[in-house]
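Under the numbering used here, residue 402 is the last one in the sequence shown; the count climbs by one each step, no gaps. All C-beta atoms, glycine included, are put in the ideal place defined by N, C-alpha and C. Predicted, not measured: the structure shown is a model, and the values here were computed from it.
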Amino acid sequence: MTNTWETFLEKGLPTFKNERWKYTDLSFLKNKRFSAAQRADADSLIDSIPQNRLQRCDSIMLVLVNGYFMPVLSDLHKLPEGVIARGMRDSARDHLDLIKANLQETIDPNLYPFARVNAEILTDGLFFYLPDNTELKQPLHVVSIVSSADEFVAHQRHIFILGKNSKMTLLEEHYSQTTDRAYMMNIVNTIVVGKSAVLDHYKLQLESKQAVHMAHTFIRQKQDSNVSFTDFSTGAAFARDEVVVKLQEPGAACRTGGFYRLQQDNQYIDHHIDIDHIAPRSNSEMLFKGILDNKSRAVFNGRLHVEKDAQKITAYQANHNLLLSNNAEVYSKPELEIYADDVKCKHGATTGQLDQDALFYMRARGIEQSEAMNILLQGFAGEILERVTHPGIKLRVQELL
């Protein structure tokens with residue numbers, strides 16, 4: 002692992018010359034001496050796992066620690082018959098035919114260099130298969146925990162396959178047991194959604210204040226499938242989320258959204274959302290909102306691509322930001338690339354400050370400054386929070402915000 006990773010840091014890091022990385026300085030990674038992630042002792046974590054469960058609802062928790070899937074800490078006994086949940090290393094051996102049958106596309110290493118490294122020096126991850134005509138009644142709560150005193154890098158690979166007419170809610174959560182630990186998570190998710198399948202996917206990124214969170218989510222959708230992906234991010238010193246959606250067959254629909262809150266100096270977050278309308282009668286949406294304070298920086302790049310034969314498309318994208326400091330920066334770049342003529346597409350981006358008139362109105366009625374600001378900020382984030390329909394997950398997100 003060491004030689005491959007060090008070679009990548011020396012020769013493979015993207016630079017400002019690459020359009021997709023023009024606002025991103027990755028040179029700091031060359032100064033990091035991350036070791037390979039080590040498997041944790043499950044017995045030492047058993048007592049701490051229950052505190053991570055969703056409150057006021059039941060769920061199926063699958064646990065990864067330092068990048069390794071931990072069956073003994075997971076609720077495998079709650080899974081319905083026919084559902085598969087295994088570590089990626091085991092699945093590459095035992096379920097290779099199933100993986101190959103559903104993952105027929107390769108990831109472009111030129112566009113996603115960290116995903117290429119992930120494939121070469123895989124730590125572990127999760128393989129999850131939901132058979133045809135199966136509904137998971139409880140949310141699947143996939144928790145990635147950091148529990149180590151070492152400064153390490155973990156390369157996680159997750160594959161989720163939803164059979165036709167299947168349905169599930171997925172909560173993907175990332176956090177550290179310590180708030181100031183330096184480490185790096187390099188994650189690749191591949192999600193295949195079968196015909197008429199439904200997936201509600203929520204992501205919570207609560208990494209350590211010194212962590213690096215590099216994530217890729219590749220979604221492939223079949224006919225009449227429906228996916229909702231909503232991201233909430235407040236952690237990590239450096240975070241980048243690549244979400245790539247391919248609407249491959251007619252009737253596929255995908256709604257993506259996110260909220261990010263940056264509060265520390267030099268905190269950086271980057272969202273790259275690519276949605277490709279390959280088939281006609283497909284629909285998509287991007288709505289991302291951010292609040293930035295102190296000397297933090299955010300980047301949003303939303304790209305919508307409609308191919309020539311993909312007629313009768315409806316698509317929308319928007320990015321809105323609030324800057325609470327004169328030192329905060331945001332770069333927003335919505336893109337439309339349309340080769341069909343029977344489409345309804347629109348996009349927009351705004352960057353501004355808190356409404357001072359509204360703040361004055363609330364202060365004049367006896368509301369404290371800090372409380373008034375919190376009310377306005379919660380109102381700004383509310384449009385994204387409303388997308389969380391599961392009560393237990395909504396409670397978790399509200400605690401985060």
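Limits of the unbroken beta strand (DSSP E) element including SER177:
Position 176 of the sequence shown holds residue 177. Residues 168-177.
State yes or no: is the C-beta of GLY367 within less than 8 angstroms of the C-beta of LEU323?
By 1-based counting over the sequence shown, the position of residue 367 is 366. By 1-based counting over the sequence shown, the position of residue 323 is 322. No, these two residues do not count as a Cβ contact at 8 angstroms.
Contact set for ILE61: own chain, Cβ-Cβ below 8 angstroms, skip 5 residues either direction:
Counting from 1 along the sequence shown, the entry for residue 61 is found at position 60. Excluding residues within five positions, the ones whose Cβ falls inside 8 angstroms are ASP76, LYS79, LEU80, LEU137, GLN139, PRO140, LEU141 and HIS142.
Going by DSSP, what residue range makes up the beta strand (DSSP E) through LEU104?
Along the sequence shown, one-based indexing puts residue 104 at 103. LEU104 -> no beta strand (DSSP E), and no H or E assigned at all.
Whole angstroms is fine: what's the gap from ARG298's alpha carbon to ASP271's?
Position 297 of the sequence shown, counting from 1, holds the residue named residue 298. Position 270 of the sequence shown, counting from 1, holds the residue named residue 271. One C-alpha to the other measures close to 9 angstroms.
Within its chain, find whatever has a CB closer than 7 angstroms to the CB of VAL389; leave out the 5 residues flanking it on each side and keep chain order.
Residue mapping note: residue 389 aligns to position 388 of the sequence shown, counting from 1. Contacts found: TYR203, THR231, LYS395 and VAL398.
What does DSSP give as the partner residue(s) for LYS204 in the beta ladder?
As a first step, residue 204 must be located in the sequence shown, where it is residue number 203. GLU173 and ASP232, per the DSSP bridge assignment.
Got a sec: does the ligand FAD put a non-hydrogen atom nearer than 7 angstroms to the Cβ of ILE61?
This structure lacks the ligand FAD, and indeed carries no ligand of any kind.
Thinking GLU208 and HIS217 are a contact (beta carbons under 8 angstroms), I'd like their distance in whole angstroms, please.
As a first step, residue 208 must be located in the sequence shown, where it is residue number 207. As a first step, residue 217 must be located in the sequence shown, where it is residue number 216. Not quite, the Cβ-Cβ distance comes to about 16 angstroms (not below 8 angstroms), so this is no contact.
Beta-carbon spacing of TRP273, ASN302 below 8 angstroms:
Residue 273 sits at position 272 when you count from the first residue of the sequence shown. Residue 302 sits at position 301 when you count from the first residue of the sequence shown. Here residue 273 is His; the residue named in the question, Trp, does not match the sequence. It is a contact, given that the beta carbons lie within the stated cut-off.
Starting from GLY83, trace the beta strand (DSSP E) both ways and give me its first and last residue.
Within the sequence shown, the letter at position 82 stands for residue 83. No beta strand (DSSP E) contains GLY83, which DSSP labels as neither H nor E.
From the DSSP output, in three-state form, read off ARG366 for me.
The count along the sequence shown starts at 1 and reaches residue 366 at position 365. Looking at ARG366 - three-state DSSP - the assignment turns out to be coil, as it is neither helix nor strand.
Helix, strand or coil: which one does DSSP assign to GLU336?
Here the question's residue 336 lines up with position 335 in the sequence shown. DSSP places GLU336 in strand when its eight states are reduced to three.
Note down the Cα distance separating ILE122 from ARG158, rounded to an integer number of angstroms.
Translated into the one-based positions of the sequence shown, residue 122 becomes position 121. Translated into the one-based positions of the sequence shown, residue 158 becomes position 157. Their Cα atoms are separated by approximately 10 angstroms.
Flag this pair as yes or no: are the beta carbons of ASP242 and LYS210 separated by less than 8 angstroms?
By one-based count along the sequence shown, residue 242 stands at place 241. By one-based count along the sequence shown, residue 210 stands at place 209. Their beta carbons are not under 8 angstroms apart, which means ASP242 does not touch LYS210 by this criterion.
Looking only at its own chain, which residues have a Cβ that is under 6 angstroms from the Cβ of PHE129, when we skip the five neighbours before and after it?
As a first step, residue 129 must be located in the sequence shown, where it is residue number 128. Within the same chain, PHE129 has close Cβ partners ALA86 and PHE161.
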